[in-house]
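Taking this note's numbering as reference, the numbering of the sequence shown is continuous, increasing by one, and the terminal residue is 248.
Note that the Cβ used here is the ideal one computed from N, Cα and C, for glycine as well.
Just below is one structure, and these are the notes that go with it.
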Amino acid sequence: MNAEQQQRLRELALIMLRDAHGEDFTAEEAAMLPAQIEEYQCLSEAQNILSLLDEVMALRMVISDCATACGAAVSPDCTLTFMQQLPGEIAAVIGRLQLDKARLDSGCIVTNDRNEFGESYKTERRGMNLRASIDEAMAMHARDIANG
């Protein structure tokens with residue numbers, strides 16, 4: 101809605117207020133009132149539609165920003181069908197982050213290692229940078245499960 105239309109909507113709104121408060125109109129003003137009411141309704145409906153479109157675009161931006169923060173490059177202009185897939189994408193990201201949680205929360209880990217004879221022994225690791233050790237232990241655990 102351009103500036104002229106907004107100004108006209110304001111003028112018509114004032115006329116509608118005068119009418120609602122029962123103010124007197126001149127004969128000429130009274131004759132124009134039905135056309136002005138119709139014009140006001142059309143313009144206010146257009147204003148409502150534009151407001152809703154602005155709200156939809158703002159929500160699409162929020163969805164896009166959330167998805168982008170989770171590593172999915174999503175344009176606010178993408179289709180709604182594509183946006184319906186985003187909860188699954190975000191859930192996958194959360195699942196991957198939960199695997200990292202063990203790595204990030206640990207101050208100490210104990211692993212079951214095997215020597216060259218296949219005998220099991222426990223190793224305790226401490227320190228600030230345990231990520232590599234935890235990754236290695238998780239990989240070994242996954243291999244053990246896969247090998248039965």
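In this structure, does DSSP put threonine 181 in helix, strand or coil?
In this structure, threonine 181 counts as helix in the three-state DSSP scheme.
Answer with buried or exposed for aspartate 174, where buried requires no fewer than 16 other C-beta atoms within 10 angstroms of its C-beta.
Aspartate is not the amino acid found at residue 174; the sequence shown has valine there. Classification for valine 174: buried.
I need the boundaries of the beta strand (DSSP E) containing glutamine 212, first residue and last residue.
Looking at the sequence itself, residue 212 is asparagine, so the reference to glutamine does not match. Where asparagine 212 is concerned, the enclosing beta strand (DSSP E) stretches over 208 to 214.
In chain order, what residues of the same chain lie with their CB nearer than 6 angstroms to the CB of alanine 172, ignoring the 5 residues before and after it?
Within the same chain, alanine 172 has close Cβ partners Glu189.
In the DSSP assignment, the alpha helix (DSSP H) including threonine 126 goes from what residue to what residue?
Here threonine 126 belongs to no alpha helix (DSSP H), and DSSP marks it neither H nor E.
DSSP three-state label for glutamate 219, please.
Of the three classes helix, strand and coil, the one that applies to glutamate 219 here is coil, per DSSP.
Report yes if the C-beta distance between leucine 112 and glutamine 136 is below 8 angstroms; otherwise report no.
Going by C-beta atoms, leucine 112 is nearer than 8 angstroms to glutamine 136.
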